[in-house]
Amino acid sequence: MKNYISLIGLEKLQKELKSLLTIERPKVVDVVSWAASNGDRSENGDYIYGKKKLRQMDSRIRYLTKSIKMAEPVDLEKNKHKNEEKIYFGASVWFRRSNDSKIEKIVILGKDEINYEKKHVSWISPVSKALLGKKKGETAILIAPEGEIELKIVKVAYNVIE
């Protein structure tokens, strides 16, 4: 499966990976080495916690490395010039559910850019899949556990994503 990501999102992943490899992990390695030199490791909290922390960091490093390698960067600046009525990756979309009068906004981005506070959702989420390719004024059908929900598209825009 493609791993679409904005250029800003890719840069954030690369910065996180660099920080883990050059700053954070070496600090934990130093603590673990020091703790190991203190003798009995079975009851050494610094050693036990440090090893656990290293495993977590190594797991994150593997994930980031794979995500970056598989990334298909999308230049959102180019999307700004597209038809602002049609929904593509990087779009900010305002819609109203058929069972609610409130207008909701989401931004369709990559799976590594999900941020619920900022309303950034993955392009492979059910709501994004329902909206992609549609235009302002159209109705999309969201297949949800409670049944089909109509989403009336109110506005589409391509803004710089922070």
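If you read the sequence shown in our numbering, its first letter stands for residue 1321, the second for the next number, and so on. Glycine included, C-beta positions come from ideal geometry on N, C-alpha and C.
- [ ] Please list, in chain order, all residues of the same chain as K1455 whose beta carbon is under 6 Å from its beta carbon, the five residues on each side excluded.
- [x] Start at 1 with the first residue of the sequence shown, and residue 1455 comes out as number 135. Listed in chain order, the non-local C-beta contacts of K1455 below 6 Å within the same chain comprise E1405, K1406, local neighbours out to five positions each way being set aside.
Open item on the list: Taking DSSP's pairing of strands, which residues face W1414 in a bridge?
Closed with: For the purposes of this step, residue 1414 is taken as the residue at position 94 of the sequence shown. According to DSSP, W1414 bridges with K1425, K1475.
- [ ] For M1483, I'd like the list of residues in its chain whose CB is within less than 8 Å of its CB, leaving aside the five on either flank, ordered along the chain.
- [x] Because residue 1483 is not part of the residues shown, which for the chain are 1321 to 1482, the question remains open.
Task: Contact belief for I1444 with A1460 at Cβ below 8 Å, rounded distance in angstroms - done: Along the sequence shown, one-based indexing puts residue 1444 at 124. Along the sequence shown, one-based indexing puts residue 1460 at 140. Actually they do not touch by this definition, with Cβ atoms about 15 Å apart.
- [ ] Whole angstroms is fine: what's the gap from K1449's alpha carbon to K1425's?
- [x] Sequence index remark: in the sequence shown, residue 1449 carries index 129 (1-based). Sequence index remark: in the sequence shown, residue 1425 carries index 105 (1-based). Between K1449 and K1425, the C-alpha separation is close to 15 Å.
Open item on the list: Determine, for K1398, whether the minimum Cβ-Cβ distance to residues of chain D falls below 9 Å.
Closed with: Reference to chain D is not applicable here, since this structure consists of a single protein chain.
Open item on the list: Taking a contact to mean a Cβ-Cβ separation below 9 Å, would you say L1452 touches Y1408 in this structure?
Closed with: Numbered from 1 along the sequence shown, position 132 holds the residue referred to as residue 1452. Numbered from 1 along the sequence shown, position 88 holds the residue referred to as residue 1408. It is a contact, given that the beta carbons lie within the stated cut-off.
TODO: Determine the burial state of I1423: buried for a count of at least 16 other Cβ atoms within 10 Å of its Cβ, exposed for fewer.
DONE: As a first step, residue 1423 must be located in the sequence shown, where it is residue number 103. So I1423 counts as exposed.
Task: As assigned by DSSP and simplified to three states, the class of E1363 - done: As a working note, residue 1363 is residue 43 in the sequence shown. In the structure shown, E1363 sits in coil (DSSP, three-state: anything other than H, G, I, E or B).
TODO: Kindly examine the ligand NAD and report whether one of its heavy atoms sits closer than 8 Å to the Cβ of P1465.
DONE: This structure does not include the ligand NAD; it has no bound ligands of any sort.
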